[in-house]
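K.L.:
Let me begin by handing over the structure; questions about it come next.
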Amino acid sequence: MLYGRSAEQERLARLLAEARAGRSGALLLRGEAGIGKTALLDWLAGRAAAQAHGDARSDGREVRVLRVTGVEPEADLAFGGLVQLLWPVQDRLNALPAPQAAALRAVLGTGREQRGPDRFLTGLAVLTVLADLAEDGPLLCLVDDAQWLDRATAEALLFAARRLAAEGVAMVLAGREDDGFTAPGIPELTLPRLDFEDSSRLLADRGRAPALHSQIITESAGNPLALIEFDAARSDQPHQHAPLPVADRVSSAFRARIGGLPERTRLMMLIAAAEGRGDLPLLLRASELLGVDLGDLAEAERTGLMYVMGGAVTFRHPLIASATYQGAVLARRIAVHRALAEAATDPDCRARHLLAVATGPDQEAALELAAAAGRARGRTAYAAASGLFGQAARLTTDRRQRASWLAEAAALALAAGHAAQADRLAQETGELADGLVDGLADDPAAGARVASVRAAVAFELGDRSEAAHGLLARLGNAAPNTAPPEASGLLRTAAAYGWLAGDADAVRTAAARLATAASAADPLVEGLERLCEDDAEHGLPLLTRFLEGRPDTAGPRDADEEQAVRMLALTCGLLLGDDEAAHALASAEVRRCRSQALIGQLPYALDVLAQTHLLAGHHRDAEAAVTEAEEIARDTGMHRRLVRLGAVRARMAAIEGDARRVRELADATPPALRTGVDCALVLLDLGLGDFGSALSRLDPPPPGPDRYTWLSLSTAADRIEAAVRLGQPERAEEALRHCESWARATTAPWAQAVALRCRALIDDRPEPYAQALHLHEKGGRPFERARTELLYGEWLRRARRPNEARDVLRSALATFERLRAEPWLRRAAAELRASGERRVAARTPAENPIDRLTPQELQVVRLARGGSSSREIAAQLFLSRRTVEHHLYKAYPKLGVGSRRELARLDLG
348 MLYGRSAEQE
358 RLARLLAEAR
368 AGRSGALLLR
378 GEAGIGKTAL
388 LDWLAGRAAA
398 QAHGDARSDG
408 REVRVLRVTG
418 VEPEADLAFG
428 GLVQLLWPVQ
438 DRLNALPAPQ
448 AAALRAVLGT
458 GREQRGPDRF
468 LTGLAVLTVL
478 ADLAEDGPLL
488 CLVDDAQWLD
498 RATAEALLFA
508 ARRLAAEGVA
518 MVLAGREDDG
528 FTAPGIPELT
538 LPRLDFEDSS
548 RLLADRGRAP
558 ALHSQIITES
568 AGNPLALIEF
578 DAARSDQPHQ
588 HAPLPVADRV
598 SSAFRARIGG
608 LPERTRLMML
618 IAAAEGRGDL
628 PLLLRASELL
638 GVDLGDLAEA
648 ERTGLMYVMG
658 GAVTFRHPLI
668 ASATYQGAVL
678 ARRIAVHRAL
688 AEAATDPDCR
698 ARHLLAVATG
708 PDQEAALELA
718 AAAGRARGRT
728 AYAAASGLFG
738 QAARLTTDRR
748 QRASWLAEAA
758 ALALAAGHAA
768 QADRLAQETG
778 ELADGLVDGL
788 ADDPAAGARV
798 ASVRAAVAFE
808 LGDRSEAAHG
818 LLARLGNAAP
828 NTAPPEASGL
838 LRTAAAYGWL
848 AGDADAVRTA
858 AARLATAASA
868 ADPLVEGLER
878 LCEDDAEHGL
888 PLLTRFLEGR
898 PDTAGPRDAD
908 EEQAVRMLAL
918 TCGLLLGDDE
928 AAHALASAEV
938 RRCRSQALIG
948 QLPYALDVLA
958 QTHLLAGHHR
968 DAEAAVTEAE
978 EIARDTGMHR
988 RLVRLGAVRA
998 RMAAIEGDAR
1008 RVRELADATP
1018 PALRTGVDCA
1028 LVLLDLGLGD
1038 FGSALSRLDP
1048 PPPGPDRYTW
1058 LSLSTAADRI
1068 EAAVRLGQPE
1078 RAEEALRHCE
1088 SWARATTAPW
1098 AQAVALRCRA
1108 LIDDRPEPYA
1118 QALHLHEKGG
1128 RPFERARTEL
1138 LYGEWLRRAR
1148 RPNEARDVLR
1158 SALATFERLR
1168 AEPWLRRAAA
1178 ELRASGERRV
1188 AARTPAENPI
1198 DRLTPQELQV
1208 VRLARGGSSS
1218 REIAAQLFLS
1228 RRTVEHHLYK
1238 AYPKLGVGSR
1248 RELARLDLG
């Protein structure tokens, strides 16, 4: 019987009912120790079982229950919780896509397959397994003491929980308040303490006389566990007036009860508390070494402190285990851990107990911890691996080894999304390396790793320029004498960081040193350097050469260099102005990330893909790509990436004239990342006729690399138009020179057309307009073509050539209508009326069926139309198969179709 929990029970019952109806949901129960979280989970599990056996309120289907409980001593044991949860259903792994199956087999230790490097692949695999189990009937997943889950398990479960939708899965997590466990995106329910009436009912149910209720309730402050324990100890414990927290008073009561047990019982309880998992065979082996046995637990079982059943030893409440462990002296705890280490057959378990034994430097323990860290890294439990490498570093007696392990700990903390921890470890690594007599000069690979990690941390924390300059400073003037692979890779990474930071000096320095250190010219770095010198004529062909050299197969690279070069490769596609090639490159990178389940790398690729959709005038597809990138970045804790995704949304809003949205995005963007949003503000000002603001923004234009982003190049044309409309064409001279220089260096017809449009504006002549429209006919960037048509139509009207003006203005109007470019649509309609068109209205375009779809529905529909099965779509979009089919079910009536076959006949733009 639960008291005072009717509202919470009703909420949980609804969640279970939703799962029975095929809808999924998740809930986090929060509350202090002893508040009744476990009791509610037990109640829900019991309700699920009762409904499967004739409860009139249910459909009678059995609810499968999976359950895991976090264990404090296992908080650093990679995937310990996931093993506990999924071990009973490991037979379902064969139905998973190969990369996901390999990931979970690596977690469970049941396979030899190589798994991918992405830590979020495990979360996707968990989602697929849960959805697959729900195919047989509703599934209830219960997670108790979530604050003690190892981080790898917590990340995997939360990734899955946030993506549950239509599978028939109910997931309930329970965790303590203010204990470090966070679950963004998961609804929370905080359990209050019991009021006086419910507390009295609980005590009455236990047979306590009403006259004593008030004192016990006052002492317990309405905490259910405290009520029970203080009631049980009432005859032995005097009233305590000390202002201790309730949990501390409960622990004190437990310690008093434990202290009254026989010595041998207390030792067996300590072995169980130190072991933590309830592994009976291990406990028996360790107890034999210490001269006690299972029979010594009889008194603890009799008093209800512990249970031994089903091959496991369990404390009635985690506070009892804590009280047992904390109440023992240090020497006794060390002896117990030493016995457990000797008795352990699992190397990770042995390493954990050796760590507890070590009271100072211990090379044996350090080596075992490092080996455990390597195994955790291989399973992509990066947070656990980072902690283990850090612990190994602190125990080793070899300072060089310490620097190497700290560097690896920092790199893994960064990979796990814990940038602040990575920064602290990287600083510690640098200080240690700098303090060595010869640094790491005699170990170039180790030195390169330390430098690379420190730079990667600085880059991810947002100081991209510092990442580049810090890397160059650590290389120093000795770079040419360093082993060429290390020096070249680090210099290439420095150049990439410099370019992405908009730091021309860093790019130039890296290029100069690379020319000395490398055996062959590097077209990427050399091309970037030329662009920093505003030499597009020579820089762009070098970037073309770099892309044609297939950067994805250009020899072995450090992971940080590989990621930086891939990011630049996507950027280069846009720089060259070949939108089709850029789209193909971004699409290929998205496919690579999807097929290999590289979820952490996907947001950047989706961002670039969204940009190519936007340039092609496919705003809904751009929105879908950005939405997915934002969801993944949010789900995976990549909060800094979220901010960088605003430029595409700002550009779309500027085209559509949504001033409020553009300004909201600008306000939410840090100054260091504002260039893209500022470019959108220039376009917004121009569209709304605020030419003064359009010209004054980004004046002077951004220096160095920032001048060669596609947004900055488009903004150069915007500022030229603003200057001409203000009657100040002289203020556009530098922008025109830059625009024409870039257009000459690229083979993109649309770019040459925009340059000709700008020249026509400055010279006020029709010939460049006509040439520009001829080039626009070759395709690319419909918004730019419509703007050229609008300006040419205006010129023709002023030149009293109304018939010719109407032809181009109608074309411009049609494009602006399709793009929902409201300010530009109004201008085109006004020009048409001024040219003599009798019936002109700025019309809302005919509704496109895809406009009725949500971004995720649009993605699912496009993949389904292309022939992908629901399971294939699920793997690509990191959803469950049931959720994919749910999206199709909702999309079909919106599109006026009833099947995939009919879907294939639709023109989805």
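Here my numbering is used: the first residue of the sequence shown is 348, the next is one more, and so on. Beta carbons are placed, not taken as given, at the ideal position from N, Cα and C, and that holds for glycine. Please read these numbers as outputs of a predicted model, since none were measured by experiment.
I believe residue 1064 touches residue 1026 by the beta-carbon criterion, under 8 Å. Please report the beta-carbon distance rounded to the nearest angstrom.
P.N.:
The residue you call residue 1064 lines up with position 717 of the sequence shown. The residue you call residue 1026 lines up with position 679 of the sequence shown. Residue 1064 to residue 1026, Cβ: 11 Å. No contact.
K.L.:
In three-state DSSP terms, what is residue 914?
P.N.:
Residue numbering aside, residue 914 sits at position 567 when the sequence shown is read from its first letter. Looking at residue 914 - three-state DSSP - the assignment turns out to be helix.
K.L.:
Assuming residue 1121 and residue 1132 form a contact by the criterion Cβ under 8 Å, report the distance between their Cβ atoms to the nearest whole angstrom.
P.N.:
The residue given as residue 1121 occupies position 774 in the sequence shown. The residue given as residue 1132 occupies position 785 in the sequence shown. About 11 Å separates the two Cβ atoms, so there is no contact after all.
K.L.:
The beta strand (DSSP E) with residue 491 in it runs from where to where?
P.N.:
Position 144 of the sequence shown holds residue 491. Segment 486-491, the beta strand (DSSP E) holding residue 491.
K.L.:
Tell me the DSSP bridge mates of residue 537?
P.N.:
By 1-based counting over the sequence shown, the position of residue 537 is 190. Answer is 377.
K.L.:
Going by C-alpha to C-alpha distance, which of 835, 690, 854 sits closest to residue 844?
P.N.:
Translated into positions along the sequence shown, residue 844 becomes position 497. Checking every option, the nearest Cα to that of residue 844 belongs to 854.
K.L.:
Using DSSP's beta-bridge definition, name the partner residues of residue 290.
P.N.:
One cannot answer for residue 290 here, as it falls past the ends of the chain, which runs 348 to 1256.
K.L.:
Could you check how far apart the C-beta atoms of residue 1073 and residue 1042 are, in whole angstroms? I think they sit under 8 Å.
P.N.:
Here residue 1073 is taken as the residue at index 726 of the sequence shown, counted from 1. Here residue 1042 is taken as the residue at index 695 of the sequence shown, counted from 1. Beta-carbon to beta-carbon, residue 1073 and residue 1042 are separated by about 6 Å, close enough to satisfy the 8 Å threshold.
K.L.:
Do residue 376 and residue 521 have their C-beta atoms within less than 8 Å of each other?
P.N.:
Counting from 1 along the sequence shown, the entry for residue 376 is found at position 29. Counting from 1 along the sequence shown, the entry for residue 521 is found at position 174. Going by C-beta atoms, residue 376 is nearer than 8 Å to residue 521.
K.L.:
Can you tell me which residues form a DSSP beta bridge with residue 654?
P.N.:
As a working note, residue 654 is residue 307 in the sequence shown. According to DSSP, which records beta bridges pairwise, residue 654 is partnered with 661.
K.L.:
Are the CB atoms of residue 861 and residue 887 within a distance shorter than 8 Å?
P.N.:
Taking the sequence shown and counting its residues from 1, the one referred to as residue 887 is at position 540. Taking the sequence shown and counting its residues from 1, the one referred to as residue 861 is at position 514. No. Outside cutoff.
K.L.:
Going by beta-carbon coordinates alone, are residue 640 and residue 351 separated by less than 8 Å?
P.N.:
Walking along the sequence shown from the start, residue 640 turns up at place 293. Walking along the sequence shown from the start, residue 351 turns up at place 4. No. Outside cutoff.
K.L.:
Going by CA-CA distance only, name the one from 1144, 1090, 1067 that's closest to residue 1107.
P.N.:
If you number the sequence shown from 1, residue 1107 lands on position 760. The candidate whose alpha carbon is nearest that of residue 1107 is 1067.
K.L.:
Which residue comes first and which comes last in the alpha helix (DSSP H) that contains residue 475?
P.N.:
Counting from one through the sequence shown, the residue named residue 475 turns up at place 128. It spans 468-481 - the alpha helix (DSSP H) in which residue 475 sits, taken as one unbroken run.
K.L.:
Have a look at residue 603 and residue 729 and give me their C-alpha separation to the nearest angstrom.
P.N.:
What you label residue 603 is simply residue 256 of the sequence shown in a count that begins at 1. What you label residue 729 is simply residue 382 of the sequence shown in a count that begins at 1. For residue 603 and residue 729, the distance between alpha carbons rounds to 40 Å.
K.L.:
Three or more C-beta pairs closer than 8 Å, one from the stretch 712-722 and one from the stretch 739-759: is that the case here?
P.N.:
yes
K.L.:
Can you tell me which residues form a DSSP beta bridge with residue 872?
P.N.:
Stepping through the sequence shown from its first residue, residue 872 is reached at position 525. For residue 872, which the question treats as bridged, DSSP gives no partner whatsoever.
K.L.:
Can you tell me the Cα-Cα spacing of residue 412 and residue 951, whole angstroms?
P.N.:
Numbered from its first residue, the sequence shown carries residue 412 at position 65. Numbered from its first residue, the sequence shown carries residue 951 at position 604. Approximately 38 Å, taken between the alpha carbons.
K.L.:
Please identify the residue among 479, 447, 434 whose C-alpha is closest to the C-alpha of residue 369.
P.N.:
In the sequence shown, counting from the first residue as 1, residue 369 sits at position 22. Of the listed residues, the one whose Cα sits closest to residue 369 is 479.
K.L.:
Tell me the DSSP bridge mates of residue 416?
P.N.:
Residue numbering aside, residue 416 sits at position 69 when the sequence shown is read from its first letter. For residue 416, which the question treats as bridged, DSSP gives the partners 491.
K.L.:
Cβ atoms of residue 496 and residue 428: under 8 Å apart, would you say?
P.N.:
Mapped onto the sequence shown, residue 428 falls at position 81. Mapped onto the sequence shown, residue 496 falls at position 149. Result yes, Cβ atoms of residue 428 and residue 496 sit closer than 8 Å.
K.L.:
Opposite residue 372 in the DSSP bridges: which residues?
P.N.:
For the purposes of this step, residue 372 is identified with residue 25 of the sequence shown, where counting begins at 1. Answer is 517.
K.L.:
Just verifying my parser: in three-state terms, what is the DSSP assignment at residue 1252?
P.N.:
Taking the first residue of the sequence shown as position 1, residue 1252 is located at position 905. Residue state, collapsed to three classes: coil.
K.L.:
Who are the Cβ neighbours of residue 571 in its own chain at under 7 Å, not counting the five residues just before and after it?
P.N.:
Locating residue 571 in the sequence shown gives position 224, counting from the first residue. Cβ within range, chain order: 381, 382, 383, 541, 549.
K.L.:
For residue 543, does the count of other Cβ atoms within 10 angstroms reach 16, so buried, or fall short, so exposed?
P.N.:
The residue labelled residue 543 in the question sits at position 196 within the sequence shown. Exposed, by the Cβ-count rule.
K.L.:
Please classify residue 471 as buried or exposed, where buried requires at least 16 neighbouring CB atoms within 10 angstroms.
P.N.:
The count along the sequence shown starts at 1 and reaches residue 471 at position 124. Residue 471 should be labelled buried.
K.L.:
In its own chain, which residues sit with a C-beta less than 8 Å from the C-beta of residue 674, not counting the 5 before and 5 after it?
P.N.:
For the purposes of this step, residue 674 is identified with residue 327 of the sequence shown, where counting begins at 1. The answer, listed in chain order, is 602, 605, 606.
K.L.:
In this structure, how does DSSP classify residue 626 when only helix, strand and coil are distinguished?
P.N.:
If you number the sequence shown from 1, residue 626 lands on position 279. The answer is strand: DSSP assigns residue 626 an E or B state.
K.L.:
Tell me where the alpha helix (DSSP H) around residue 748 begins and ends.
P.N.:
Locating residue 748 in the sequence shown gives position 401, where the first residue counts as 1. Segment 746-762, the alpha helix (DSSP H) holding residue 748.
K.L.:
Would the beta-carbon of residue 1045 fall within 8 Å of that of residue 1029?
P.N.:
For the purposes of this step, residue 1045 is taken as the residue at position 698 of the sequence shown. For the purposes of this step, residue 1029 is taken as the residue at position 682 of the sequence shown. It is a contact, given that the beta carbons lie within the stated cut-off.
K.L.:
Could you check what DSSP says for residue 591 in three-state terms: helix, strand or coil?
P.N.:
For this step, residue 591 is matched to residue 244 along the sequence shown. Residue placement at residue 591 cannot be trusted, given a pLDDT of 44 that sits under 50; what the coordinates show is reported in the next sentence. DSSP places residue 591 in coil when its eight states are reduced to three.
K.L.:
For residue 1007 and residue 1141, I'd like the C-alpha separation in whole angstroms.
P.N.:
Residue mapping note: residue 1007 aligns to position 660 of the sequence shown, counting from 1. Residue mapping note: residue 1141 aligns to position 794 of the sequence shown, counting from 1. Cα to Cα, the separation comes out at about 29 Å.
K.L.:
Whose C-beta lies closer than 6 Å to the C-beta of residue 1137 among residues of the same chain, with five residues either side of it excluded?
P.N.:
Residue 1137 sits at position 790 when you count from the first residue of the sequence shown. Excluding residues within five positions, the ones whose Cβ falls inside 6 Å are 1159, 1175.
K.L.:
Please state the DSSP three-state secondary structure of residue 649.
P.N.:
If you number the sequence shown from 1, residue 649 lands on position 302. Here residue 649 carries a helix assignment [DSSP, helix/strand/coil].
K.L.:
Got a sec? Which residues, its chain only, sit under 6 Å from residue 971 by beta carbon, not counting five neighbours each side?
P.N.:
Within the sequence shown, the letter at position 624 stands for residue 971. Answer for residue 971: 1202, 1205, 1206, listed in chain order.
K.L.:
In chain order, what residues of the same chain have a beta carbon less than 7 Å from the beta carbon of residue 658, not counting five sequence neighbours either side?
P.N.:
Position 311 of the sequence shown holds residue 658. 627.
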